[in-house]
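Everything on this sheet refers to the single structure shown next.
There are 2 protein chains.
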Amino acid sequence: MADIKPIGKALFLREEELRRGIELMFFAYRDFTGEADSILAEQNMGRAHHRAIYFIGRNPGITVSELLAILKITKQSLSRVLSALVDSNHVVQRTGPDDRRQRLLYLTDQGNALEARLTEVQGRRFAKAYRDAGMTAVEGFQRVLEGLLDPETQRQVSALGHARKAQQDD
Amino acid sequence: MADIKPIGKALFLREEELRRGIELMFFAYRDFTGEADSILAEQNMGRAHHRAIYFIGRNPGITVSELLAILKITKQSLSRVLSALVDSNHVVQRTGPDDRRQRLLYLTDQGNALEARLTEVQGRRFAKAYRDAGMTAVEGFQRVLEGLLDPETQRQVSALGHARKAQQDD
DNA sequence: GATTATTGGTCAACATGGCTGACATAAAAC
DNA sequence: GTTTTATGTCAGCCATGTTGACCAATAATC
Numbered sequence: 752m753a754d755i756k757p758i759g760k761a762l763f764l765r766e767e768e769l770r771r772g773i774e775l776m777f778f779a780y781r782d783f784t785g786e787a788d789s790i791l792a793e794q795n796m797g798r799a800h801h802r803a804i805y806f807i808g809r810n811p812g813i814t815v816s817e818l819l820a821i822l823k824i825t826k827q828s829l830s831r832v833l834s835a836l837v838d839s840n841h842v843v844q845r846t847g848p849d850d851r852r853q854r855l856l857y858l859t860d861q862g863n864a865l866e867a868r869l870t871e872v873q874g875r876r877f878a879k880a881y882r883d884a885g886m887t888a889v890e891g892f893q894r895v896l897e898g899l900l901d902p903e904t905q906r907q908v909s910a911l912g913h914a915r916k917a918q919q920d921d
Numbered sequence: 752m753a754d755i756k757p758i759g760k761a762l763f764l765r766e767e768e769l770r771r772g773i774e775l776m777f778f779a780y781r782d783f784t785g786e787a788d789s790i791l792a793e794q795n796m797g798r799a800h801h802r803a804i805y806f807i808g809r810n811p812g813i814t815v816s817e818l819l820a821i822l823k824i825t826k827q828s829l830s831r832v833l834s835a836l837v838d839s840n841h842v843v844q845r846t847g848p849d850d851r852r853q854r855l856l857y858l859t860d861q862g863n864a865l866e867a868r869l870t871e872v873q874g875r876r877f878a879k880a881y882r883d884a885g886m887t888a889v890e891g892f893q894r895v896l897e898g899l900l901d902p903e904t905q906r907q908v909s910a911l912g913h914a915r916k917a918q919q920d921d
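Top line first, the protein sequences correspond to chains A and B.
Mapping of the first sequence onto my numbering: position 31 corresponds to residue 782, and the numbering continues sequentially without gaps.
Mapping of the second sequence onto my numbering: position 94 corresponds to residue 845, and the numbering continues sequentially without gaps.
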């Protein structure tokens with residue numbers, strides 16, 4: 752609807768708006784991860800550990816290759832983190848019942864406790880932001896974030912808690 | 752308005768909704784930065800260089816300490832990146848006219864070109880997401896992201912392109 | 001049953017980008 | 001003239017990504 756507006760100002764506004772988005776993403780992501788980073792630092796862990804814990808908690812019994820597909824890092828990077836989490840008793844690996852090459856990943860009680868703690872601080876932040884912004888804003892927020900995703904990620908995300916839940920049940 | 756709803760399901764929905772936000776932030780940030788990262792890699796640079804270039808481009812004549820306040824990293828980390836950018840002729844430093852201890856930072860033509868290229872790919876992604884989601888969604892998106900910020904960052908962000916623009920003019 | 005592909009791990013080496021701590025210099029401020 | 005500020009530098013550490021090579025167990029296929 753603003754397509755036929757004077758082009759000079761329209762372009763300026765557009766660029767400003769886009770830059771605002773870019774900047775907000777940077778600042779919001781930094782602040783959003785900040786609190787969790789502090790908790791993780793206490794335990795001598797980093798964000799990589801957090802991601803593994805988070806997605807294992809979300810998908811109990813996930814295999815290593817499925818986790819790799821979500822995180823999009825190398826198996827060497829993941830392996831390092833996973834070994835540490837097994838050593839520190841946050842994660843256990845069970846041999847896959849169908850395919851015995853697979854290691855199905857589960858959180859231990861300790862892992863679950865840490866996951867809960869981390870998700871709580873981040874959830875709190877989101878709850879506040881969602882509350883302040885209102886329901887309509889939340890929908891918009893989600894729609895825009897989805898639009899920022901690579902098409903492949905978009906497919907993954909829309910499948911996430913569904914496919915696995917159906918598969919794994921519980 | 753949904754405050755008096757059955758608590759079991761309400762809590763479930765709430766937690767799911769919050770987790771959806773957490774996950775979207777992770778995926779969106781990763782994909783959002785991915786393209787720029789590729790361009791940077793060509794030039795043997797990383798995200799840290801990008802941030803410096805971006806905020807110098809946005810605030811020509813910014814001082815090192817102002818840039819530090821935005822990025823919230825140590826001066827050693829910034830200094831490393833800044834030296835590299837000066838060496839590669841993307842940034843120039845001029846002695847501050849008032850306070851001669853300050854180094855005012857500016858992009859060179861080459862720096863501006865790179866900044867433009869990086870901002871273009873990220874802007875394109877945002878433009879697509881904004882277009883697909885619609886104006887209302889964009890407002891909501893921005894409102895939620897602002898709500899995710901630390902209060903201090905929130906103050907900074909709302910000051911950004913204003914204070915400096917008034918100061919520096921251009 | 002032998003071959004090939006998949007799943008996962010390991011070792012080694014490297015780059016980036018955070019961090020801390022110590023120290024130096026120039027200039028502003030008091 | 002002393003202190004504080006703005007900035008830089010050197011050295012070393014850590015986390016987390018990368019590549020490349022190679023290995024073992026097991027599944028799948030010819």
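Where a beta carbon is used, it is the ideal one built from N, C-alpha and C, also for glycine.
In or out: residue i buried (at least 16 other Cβ within 10 Å) or exposed?
| i | result |
| --- | --- |
| A880/B | buried |
| R851/A | exposed |
| M886/B | exposed |
| D921/A | In this predicted model, D921/A has a pLDDT of only 35, less than 50, meaning its place in the structure is not dependable; the value taken from the coordinates is given anyway. Its Cβ having fewer than 16 others within 10 Å, D921/A is exposed. |
| D849/B | exposed |
| T825/B | exposed |
| A792/B | exposed |
| K916/A | Confidence in K916/A is poor, its pLDDT being 44 and thus under 50, which makes the residue's placement unreliable; the coordinate value appears in the next sentence. Result: exposed. |
| A884/A | buried |
Between the beta-carbon of residue i and the beta-carbon of residue j, is there less than 8 Å?
| i | j | result |
| --- | --- | --- |
| L858/A | I790/A | no |
| I773/A | Q873/B | yes |
| L836/A | L818/A | no |
| G891/B | V908/A | no |
| L899/B | Q893/A | no |
| G797/A | E866/A | no |
| F896/B | A779/A | Here residue 896/B is Leu; the residue named in the question, Phe, does not match the sequence. Yes, these two residues count as a Cβ contact at 8 Å. |
| G847/A | T814/A | yes |
| V843/B | L833/B | no |
| G812/B | L855/B | yes |
| H801/A | A787/A | yes |
| D782/A | D782/B | no |
8 Å is my cut-off, CB to CB: does residue i come that close to chain B?
| i | result |
| --- | --- |
| E793/A | no |
| G797/A | no |
| D860/A | no |
| G898/A | yes |
| A864/A | no |
| R771/A | yes |
| Y881/A | yes |
| Q853/A | no |
Answer yes or no: does any C-beta atom of chain A fall closer than 8 Å to that of residue i?
| i | result |
| --- | --- |
| T825/B | no |
| A803/B | no |
Which residue or residues does DSSP assign as beta-bridge partners of residue i?
| i | result |
| --- | --- |
| Q844/A | L856/A |
| T784/A | According to DSSP, T784/A bridges with nothing at all. |
| I813/B | L856/B |
Report the three-state DSSP secondary structure of residue i (helix, strand or coil).
| i | result |
| --- | --- |
| N795/B | coil |
| I824/A | coil |
| S834/B | helix |
| L900/A | coil |
| G808/A | helix |
| S909/B | helix |
| G885/B | coil |
| R876/B | helix |
| R802/B | helix |
| S839/B | coil |
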